[in-house]
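Numbered by the working numbering, the letters in the sequence shown go through residues -8 to 478 in order.
The beta-carbon is built from N, C-alpha and C at its ideal position, and this holds for glycine as well.
Notes to accompany the following structure.
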Amino acid sequence: MYGVWTPEQVRAAEEPVLARTPEGALMRRAARGVAQVALAELERRTGGISGRRVVVLAGAGNNGGDGLWAGYELRRRGVAVTAVLLSPDRAHPEGLAALRRQKGRTLTRVESGVLAVERADLVLDAIVGTGARGGLRPEAATLARAAATAGIPVLAVDTPSGVDPLTGVPGDPDGTAVTAAATVTFGARKPVHVLAAPRCGPVTLIDIGIGPELPPAPVHVLEAGDVGARWPVPGPGDDKYTQGVVGIAAGSATYPGAAVLASGAAALATSGMVRYAGSAADEVRAAWPEIVATATVEDAGRVQAWVVGPGLGTDDAGARTLAHVLDAGLPVLADADAVTLLGQHAELREKAAGNPVLITPHAGEFARVAELTDDRVDSARRAAADLGVTVLLKGNATIVAAPDGRVLVHPAGSAWLATAGSGDVLSGVAGALLAAGLDPWWAGGCAAFVHARAADIGAGAADGPGSPVPASSIQQALPRAIREVRE
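Below, the structure written as structure tokens:
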């Protein structure tokens, strides 16, 4: 597990380090890190370094200074470096002087900069840093578009310019911003690196000595080892009951597939037992003969946790089912129609509050129970505190927020989960983990991690370029995904 800090927290941690460090030392350290990554990118992409062409898009202030000093380091290695100065009168003076001493070129006209970008082997994005908000200025946007149109890879310095470092949302309404092939950041990862991972590419973290000054991380990101260590597997003393029995209240005559997907995912997630309750009992039995299926939640028998909502319906019958499940006092995963019902009925929200409940809305469903802003982490954290439940907000970056303020983010590396029924699969997995004894925060985070990996496997993206697949293929890939996180 690693932490993510806000730009303000990182800047505060830098202040005492700057006070006891010779002037310019941190910038030089950061720039050397950028240069090392740039050299590796050039070697990997072009097969060499000497004579390769790098363009630095240098804005005002320290971010531009990082880029100019990185250009200086690259010139020392024989790279042809051109800096396009977007604010010539505010360019970092020491960095600019150093680059010029090494015979680096500088340009101030955007038209000339576009030509240089189009001929480059690599572009360094040092336009703006983590203190910037809003979209790119017209000149910077022109250069960013030139790199994208020409297919020139961009290495972002700290964060991709034009993308809000706190929310990961482009500042321009039309989405114009840098999309980096890779990013180099300093001291700590920032929210943009996990909330807008496709904009950042692989992120390299350069240690500049601020670690001891950082406060506890407000956001965490799970790694495979964290998930594998917590995944329930049977021991010599276990049986089907001790590993957790999960009840699934899902599906309807209109949506029987939701029941099949959620129930099957629960069966594949652990070696315990699954009990299904609902009108799709025949379909569930046909697909999964090991699942015990009944018509109602009252007849389901003993379970250790419930999954309720996928394809359930939002009528009075659905509300009664959700109320029955919440009244049982067991861990509950509420998804889809169950989230809508919570939004419609204050008495159901009161039943859920303060109990081990995990809700898993997408953006539209989330808006039925809480306000969703561009700051999705803050929105999820506030909703968890206000509702008294753990919130898993789905998206390309999935956010899991507990009522006590803990937050996990899982930055999916692909978009293969954008298919009907994938949320039903997630519900079954997370519900099985709840039944096995994981608390809702960990159950949501571990389920999101394995769910995303199963999507890559099901789409073939783990072994090649991948292709679109339905949710049933993601479901069937769960065992391999679980094995991989346990390796």
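Same chain, Cβ closer than 8 Å to residue i, five either side skipped, listed in chain order
i: D290; result: A268
i: T176; result: D149, T150, H184, V194, T195, L196 and I197
i: V398; result: P209, V210, H211, V368, A371, R372, I390, V391 and A392
i: L317; result: V323, L339, K342, A343, N346 and V348
i: L157; result: T(-3), P(-2), K181, P182, V183 and D366
i: A411; result: P461 and A462
i: R488; result: An answer regarding residue 488 cannot be provided, because it is not within the stretch -8 to 478 covered by the chain.
i: G15; result: E85
i: R320; result: Note on residue identity: the sequence assigns Gly, not Arg, to residue 320. Cβ neighbours of G320 beyond the five flanking positions: N346.
i: T167; result: G126, L127, A132, A135, R136, G153 and P161
For residue i, the first and last residue of its enclosing beta strand (DSSP E)
i: I350; result: V348 to I350
i: I239; result: V236 to A240
i: I197; result: V194 to I197
i: R471; result: No beta strand (DSSP E) contains R471, which is instead part of the alpha helix (DSSP H) from L469 to R477.
i: A208; result: Careful: A208 lies outside any beta strand (DSSP E) and carries neither H nor E.
i: A48; result: Checking the sequence shown, residue 48 turns out to be Leu, not Ala. It spans R44 to A49 - the beta strand (DSSP E) in which L48 sits, taken as one unbroken run.
i: A260; result: Counting along the chain, A260 falls outside any beta strand (DSSP E), though it belongs to the alpha helix (DSSP H) covering P247 to A260.
Member of the options whose CA lies at the smallest distance from the CA of residue i
i: H401; options: G302, G69 and G436; result: G436
i: G396; options: P209, P280, P301 and A409; result: P209
i: G200; options: A434, R444, I473 and V1; result: V1
i: G178; options: F440, E(-1) and V265; result: E(-1)
i: R221; options: L76, G69, R276 and A434; result: A434
i: G159; options: N387, T410 and L424; result: N387
i: N53; options: R81, G69, A31 and V218; result: R81
i: L115; options: A171, T140, H83 and R100; result: A171
i: R44; options: A406, T12, Q335 and G95; result: G95
i: A439; options: A327, G457, L417 and A426; result: L417
i: R91; options: F357, A296, V294 and V72; result: V72
i: W432; options: A325, A21, P394 and D366; result: P394
i: E475; options: L313, H442 and Q335; result: H442
i: A173; options: D365, H315, R35 and D217; result: R35
i: L213; options: Y(-7), I473, R477 and E478; result: Y(-7)
i: G483; options: A241, A278 and E85; result: Nothing can be reported for residue 483, as the shown portion of the chain is limited to -8 through 478.
i: G404; options: G422, A450 and A426; result: A450
i: P144; options: L113, G122 and P161; result: L113
i: L303; options: L186, G50 and T312; result: T312
i: S262; options: A117, R293 and L424; result: L424
Cβ neighbours of residue i in the same chain (closer than 7 Å, five flanking residues each side left out)
i: V105; result: T133, L134 and A137
i: A453; result: D447
i: E204; result: A4, P7 and V8
i: A244; result: S270
i: T287; result: A268
i: E281; result: A258
i: A278; result: V251 and G255
Cutoff 6 Å; reference residue i; Cβ partners in own chain excluding five residues on either side
i: Q467; result: none
i: H353; result: K385
i: A188; result: P402
i: P79; result: T99
i: G120; result: N54 and D149
i: V75; result: L48, L98 and G104
i: T285; result: A268 and A291
i: V380; result: A343, V348 and I350
i: R190; result: P151, V154 and T170
i: A215; result: V476
Unbroken alpha helix (DSSP H) run spanning residue i, endpoints
i: A325; result: A325 -> not in any alpha helix (DSSP H); beta strand (DSSP E) instead, spanning V323 to A325.
i: G(-6); result: From DSSP, G(-6) is part of no alpha helix (DSSP H) but of the beta strand (DSSP E) over Y(-7) to V(-5).
i: A31; result: A16 to T37
i: L9; result: P(-2) to A10
i: A453; result: Taken as a continuous stretch (DSSP letters only), A453 belongs to no alpha helix (DSSP H), as it is neither H nor E.
i: V330; result: D328 to Q335
i: A268; result: Unbroken run through A268 is the beta strand (DSSP E), M264 to A268; no alpha helix (DSSP H).
i: R221; result: A215 to R221
i: A277; result: A272 to A278
i: A354; result: A354 to F357
Any non-hydrogen atom of the ligand SAM within 7 Å of residue i CB
i: L339; result: You won't find the ligand SAM in this model; it holds no ligand whatsoever.
Q. Does the stretch 244 to 257 come close enough to the stretch 463 to 471 to have 3 or more Cβ pairs within less than 8 Å?
A. yes
**Q.** Residue ranges of each beta strand (DSSP E) within the stretch 138 to 191, 3 or longer
**A.** 145 to 148 and 173 to 177
Q: Pair every Cβ in the stretch 352 to 361 with every Cβ in the stretch 372 to 384, then say whether three or more of these pairs are closer than 8 Å.
A: yes
(Q) Could you tell me which whole beta strand (DSSP E) segments of length 3 or greater appear in the stretch 64 to 127? (A) 71 to 76, 96 to 98 and 113 to 117
Q | Runs of beta strand (DSSP E) lying entirely within the stretch 378 to 440, each at least 3 residues, in chain order | A | 381 to 384, 388 to 392 and 398 to 402
Q: Would you be able to state if there are at least three C-beta pairs under 8 Å between the stretch 20 to 32 and the stretch 53 to 68?
A: yes
Q. What runs of the alpha helix (DSSP H), each 4 residues or longer, lie entirely inside the stretch 282 to 311?
A. none
Q.
Any contact between the stretch 63 to 76 and the stretch 121 to 128? By contact I mean 3 or more CB pairs, one from each, below 8 Å.
A. no
Q. Are at least three pairs of beta-carbons, each pair with one atom in the stretch 271 to 278 and one in the stretch 235 to 249, less than 8 Å apart?
A. yes
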